[in-house]
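Undergrad: Protein chains in written order, with my numbering: chain W, 11 to 372; chain E, 315 to 602; chain V, 4 to 367.
The structure is reproduced here in structure tokens:
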């Protein structure tokens with residue numbers, strides 16, 4: 011397992027990049043801890059797969075260096091970097107048995123057969139394919155095949171890092187829960203350095219200790235799931251994480267007071283905002299209380315999704331979403347209050363740090 | 315994939331059925347008719363039963379020709395299939411090289427059989443042919459007209475030149491269908507070049523190889539035009555394959571009965587061997 | 004109105020669809036919910052007329068259309084893959100079904116622009132599909148299905164290949180489309196959450212059988228059998244096999260859970276007790292809650308809430324808890340089950356009672 015340093019990495023697919031927009035991956039400069047579980051989260055085209063391929067060595071960055079445990083591996087091939095990778099669609103060796111598929115990466119590296127047998131049996135047990143061990147991999151279902159791919163990624167104990175490229179895409183919802191928690195538990199047990207690429211926030215948040223949110227070739231925030239949820243440092247993070255995403259409402263700030271439409275909310279602190287900046291208030295649907303007190307709203311639609319209700323409403327002439335508990339009722343004269351501690355203020359889309367709050371700010 | 319059923323479809327294929335009836339079924343029935351009768355001319359036919367079949371199957375001439383056929387097909391398959399795979403593996407995957415290679419590969423396939431025969435017939439001549447003359451100048455004894463070995467080598471080399479491209483193109487199509495992720499995964503798994511071939515490329519080429527194998531087998535087993543043009547079945551009977559023997563019997567000697575019997579036997583052999591190959595190869599597929 | 008009367012589909016030795024009856028009303032949105040290979044696509048192909056049922060018949064507005072060619076029916080279909088004409092512009096793609104049906108130029112133009120506006124494609128009308136993002140490509144396919152104005156619109160996992168956030172946006176827009184037309188919409192998905200967000204009616208599908216059909220939220224709240232309950236749960240449904248005896252659900256003669264008021268009248272005997280992950284908690288949510296000992300397997304943090312996988316005397320459950328609870332694996336904890344929401348299924352898999360909170364009992 012290794013610590014990964016990304017030093018001033020940039021990548022452009024075309025030749026001679028000049029403008030920032032020529033780069034598919036804009037400057038990335040970070041250190042990732044040994045044994046950490048990282049998720050790269052973002053919409054398609056945000057550069058997350060590019061970054062993953064640079065780490066695995068399938069792609070050479072246009073600029074910058076990449077270090078594993080302080081050793082420069084920028085010019086090393088994928089084999090020499092000693093990493094494991096699981097792809098979006100199952101990659102299996104059709105003609106081999108399930109057992110041989112898992113043994114393949116070990117046998118290629120001349121691991122003694124007794125050790126191969128021990129590791130393979132352990133992994134086969136874990137992915138729940140013991141009964142299929144001697145079967146040819148060809149006839150299996152898509153999720154069984156993907157389990158083999160996952161297993162091949164986990165079978166080597168000596169890898170520097172294990173990379174996952176949207177590995178649960180072809181898996182049915184129920185099986186996702188099982189596989190995800192198994193991965194997470196494995197990480198707790200063995201402390202692999204893991205990097206997981208996905209567009210699915212639930213996968214990213216539940217899997218990772220640190221989530222790297224990417225947008226348009228840039229990293230917009232790296233944080234724990236809680237930080238991303240409570241203190242999104244950019245309105246994009248607020249929108250992208252959470253479903254529905256954060257409500258972002260245009261607002262004007264005066265000292266510690268925020269004006270929204272005809273309403274005024276006390277923040278409890280006075281954000282420092284450069285003059286002329288576009289200011290917005292961000293509040294998550296989970297932190298708006300719907301009841302008989304507070305500011306008036308007009309409800310346009312209630313979506314009952316079982317364990318909770320999503321209320322779509324007009325507040326100060328802007329659409330907002332409110333989350334109401336399964337058993338919560340919706341009054342006929344609805345009013346809302348915002349949880350003061352959950353309010354974030356944005357200037358030109360970036361969060362204004364609240365120096366007075368302990369633990370706040372990115 | 316299931317198809318929409320539609321009774322109109324039968325009307326659409328009707329013209330083809332009629333064509334096939336005229337071009338294949340009716341001539342075949344005529345051949346069957348000839349094979350069981352004898353004639354002394356004047357359109358007077360006598361029932362001959364299975365006599366002609368017995369005659370053919372008991373003649374050395376038939377068995378010798380069949381052996382030549384099997385040997386020829388065996389040799390060219392043993393060379394063309396591996397050679398085709400090897401070339402396909404080394405063809406460029408992207409860039410300008412791809413169309414250039416594909417066109418070069420397709421060229422021999424576009425030349426008609428009889429022209430190929432003529433080209434090689436001239437090419438190998440000691441007096442005016444580039445190959446024959448060069449060999450002679452180098453002091454190598456080469457004469458496909460008199461030497462059995464030289465005649466066979468010429469036919470085999472010619473067939474390889476003409477048909478390996480087909481194997482290459484089929485294999486290339488098979489290789490092109492393998493997603494990049496497979497090669498990337500193999501790299502990460504530390505697979506050797508041989509392992510990549512054995513466990514990724516070969517399994518993915520299996521279906522096209524089956525097609526290439528059957529096509530090349532059937533075609534080479536029915537070879538006629540090229541040996542007819544180059545060697546005329548000689549020297550002696552050294553390159554008299556079943557097809558040439560058949561033409562000699564039917565047109566040269568006008569023995570319609572035996573020729574019809576021979577052609578039916580010939581047809582059944584090809585059918586049987588193709589079926590055996592197909593079953594064996596698809597069965598090995600099912601077991602994996 | 005689309006009616007499937009006792010239809011089956013058998014291919015070789017496999018039965019893809021067991022005898023099925025289904026009535027879909029005009030202007031309705033119907034979700035086919037089930038895991039991969041449960042028969043969603045097979046059923047849609049039978050509805051469309053792409054396949055002929057092995058037995059049974061398909062009726063449209065009372066007319067038997069079994070065996071009628073798909074070209075002669077009024078059907079539009081959108082697939083998981085983004086299928087557009089690559090050489091045509093978005094405008095031409097959307098216009099294509101109307102060109103085939105021979106509409107006049109002015110109508111085509113009006114309809115194309117209306118559909119494009121609805122699907123937020125107006126700025127891209129002159130581009131070709133390959134120059135669009137996945138979401139825009141699928142929007143184009145959807146717009147084409149809308150302008151066709153077909154009586155039956157089949158959507159086969161149309162959002163499966165899109166980014167999570169894009170799915171969320173399109174999911175919000177889709178019901179508006181449905182509401183605007185009088186067509187019958189059928190929407191296949193593997194995700195219970197998607198079915199709930201779309202609303203309408205849902206047919207829970209499993210191994211080629213419809214286990215239940217009805218209003219989406221009703222099926223979620225009152226599944227008539229265990230198969231439906233499992234199909235309709237994400238995170239997965241928590242279950243435990245127990246024996247009802249008097250006032251308790253017992254295992255080996257020891258009461259594990261008390262029998263709540265809404266199930267008091269059920270007969271004694273073996274049963275499966277089930278509850279959703281959000282009805283399991285680390286704190287007492289209600290005075291009627293029951294407690295169970297458990298061991299933490301792993302805790303997953305998802306922003307504002309945690310999914311905690313636990314092992315309670317051999318049963319593997321998921322608990323959905325508000326807030327962040329990063330508990331170390333193997334920690335022993337006490338769980339609270341909100342017994343007001345318990346669902347109980349008999350040994351035949353049929354539901355025995357509904358949840359207590361105002362839901363009436365249904366089924367056997």
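Using N, Cα and C, we set each Cβ at its ideal position, and we do this for glycine too. Every value quoted in this text rests on a predicted model; they were computed, and no experiment measured them.
Residue 173 (chain W) lies in the beta strand (DSSP E); which residues open and close that run?
TA: 171-175
Undergrad: Mapping DSSP to helix, strand and coil, what is residue 40 (chain W)?
TA: strand
Undergrad: Only counting the same chain, and skipping five residues up and downstream in sequence, which positions put a Cβ closer than 7 Å to that of residue 371 (chain W)?
TA: Confidence in residue 371 (chain W) is poor, its pLDDT being 41 and thus under 50, which makes the residue's placement too unreliable to answer from.
Undergrad: Does DSSP classify residue 162 (chain W) as helix, strand or coil?
TA: helix
Undergrad: Tell me the residue span of the alpha helix (DSSP H) that contains residue 182 (chain V).
TA: 167-183
Undergrad: At 7 Å on the CB atoms, spell out the chain W contacts of residue 305 (chain V), in chain order.
TA: Chain W residues near residue 305 (chain V): 212, 215, 216 and 235.
Undergrad: Give the interface partners of residue 504 (chain E) over in chain W, defined as CB-CB distance under 8 Å, in chain order.
TA: 89, 115, 118 and 119
Undergrad: Select from E:596, E:404, E:488 and E:434 the residue whose C-alpha is nearest the C-alpha of residue 476 (chain E).
TA: E:434
Undergrad: Please say whether residue 502 (chain E) and residue 94 (chain W) have beta carbons closer to each other than 8 Å?
TA: yes
Undergrad: How long is the line joining the alpha carbons of residue 220 (chain W) and residue 196 (chain W), rounded to whole angstroms?
TA: 17 Å
Undergrad: When DSSP labels each residue in this structure, what does residue 458 (chain E) get in the three-state scheme?
TA: coil
Undergrad: Straight-line CA distance for residue 359 (chain V) to residue 280 (chain V)?
TA: With a pLDDT of only 42 at residue 359 (chain V), under 50, the local geometry of the prediction cannot be trusted, and the value read off the model is given with reservation. When rounded, the distance between both Cα atoms is 17 Å.
Undergrad: By DSSP's criteria, residue 261 (chain V) is part of a beta bridge. Which residues make up the other side?
TA: V:251
Undergrad: Which first and last residues belong to the beta strand (DSSP E) in which residue 116 (chain W) is found?
TA: Taken as a continuous stretch (DSSP letters only), residue 116 (chain W) belongs to no beta strand (DSSP E), being part of the alpha helix (DSSP H) at 108-118.
Undergrad: Let me check one thing: in DSSP terms, what residues is residue 244 (chain W) bridge-paired to?
TA: Answer is W:360, bridged to residue 244 (chain W).
Undergrad: Would you decide whether residue 257 (chain W) is buried or exposed? Buried here means 16 or more other CB atoms lie within 10 Å of its CB.
TA: Burial call: buried.
Undergrad: Just checking my contact of residue 462 (chain E) with residue 517 (chain E) at CB under 8 Å: how many whole Å lie between their CB atoms?
TA: So it is not a contact: roughly 41 Å between Cβ atoms.
Undergrad: What do you reckon, are the CB atoms on residue 578 (chain E) and residue 345 (chain E) nearer than 8 Å?
TA: yes
Undergrad: Pick out whichever of V:36, V:19 and V:61 has its Cα sitting closest to the Cα of residue 9 (chain V).
TA: V:61
Undergrad: Could you check what DSSP says for residue 332 (chain V) in three-state terms: helix, strand or coil?
TA: Of the three classes helix, strand and coil, the one that applies to residue 332 (chain V) here is coil, per DSSP.
Undergrad: Residue 335 (chain W): buried (16+ other C-beta within 10 angstroms of its C-beta) or exposed?
TA: Per the 10 Å Cβ criterion, exposed.
Undergrad: With H, G and I counted as helix, E and B as strand and the rest as coil, what does DSSP make of residue 286 (chain V)?
TA: Assigned with DSSP and collapsed to three states, residue 286 (chain V) falls in coil, not helix or strand.
Undergrad: What separation, rounded to the nearest whole angstrom, lies between the Cα atoms of residue 305 (chain V) and residue 297 (chain W)?
TA: 16 Å
Undergrad: In terms of DSSP beta bridges, what is residue 49 (chain W) paired with?
TA: W:206 and W:221
Undergrad: Consult DSSP for residue 316 (chain E) and reduce its assignment to one of helix, strand or coil.
TA: Low per-residue confidence applies at residue 316 (chain E): pLDDT is 48, beneath 50, and the placement is therefore not dependable enough to give any value.
Undergrad: Counting only C-beta atoms, is residue 310 (chain V) closer than 8 Å to chain W at any point?
TA: yes
Undergrad: Starting from residue 292 (chain W), follow its DSSP beta bridges and name the residues at the other end.
TA: W:258 and W:354
Undergrad: By the 10 Å Cβ neighbour count, where 16 or more other Cβ atoms means buried, how is residue 85 (chain W) classified, buried or exposed?
TA: With fewer than 16 Cβ atoms within 10 Å of its Cβ, residue 85 (chain W) is classed as exposed.
Undergrad: For residue 203 (chain V), go through chain W and note every residue whose CB falls closer than 8 Å to its CB, in chain order.
TA: Simply none; closest approach about 12 Å.
Undergrad: Can you pull out the residues from the segment 284-317 of chain W whose beta carbon lies closer than 9 Å to at least one beta carbon of chain V?
TA: For chain V, the residues of the segment 284-317 of chain W that bring a beta carbon within less than 9 Å of one of its beta carbons are 294, 296, 297, 313, 314, 315, 316 and 317, in chain order.
Undergrad: Taking only three categories from DSSP, how would you classify residue 235 (chain V)?
TA: coil
Undergrad: DSSP on residue 164 (chain V), reduced to helix/strand/coil?
TA: Of the three classes helix, strand and coil, the one that applies to residue 164 (chain V) here is coil, per DSSP.
Undergrad: So, using beta-carbon positions, are residue 310 (chain V) and residue 228 (chain V) closer together than 8 Å?
TA: no
Undergrad: According to DSSP, is residue 344 (chain E) part of a helix, a strand, or is it coil?
TA: Note: residue 344 (chain E) maps to helix in three-state DSSP.
Undergrad: Span of the alpha helix (DSSP H) holding residue 497 (chain E)?
TA: 494-502
Undergrad: Taking buried to mean at least 16 other C-beta atoms within 10 Å of its own C-beta, is residue 1 (chain V) buried or exposed?
TA: Chain V is shown only over 4 to 367; residue 1 (chain V) falls outside these bounds and no answer can be derived.
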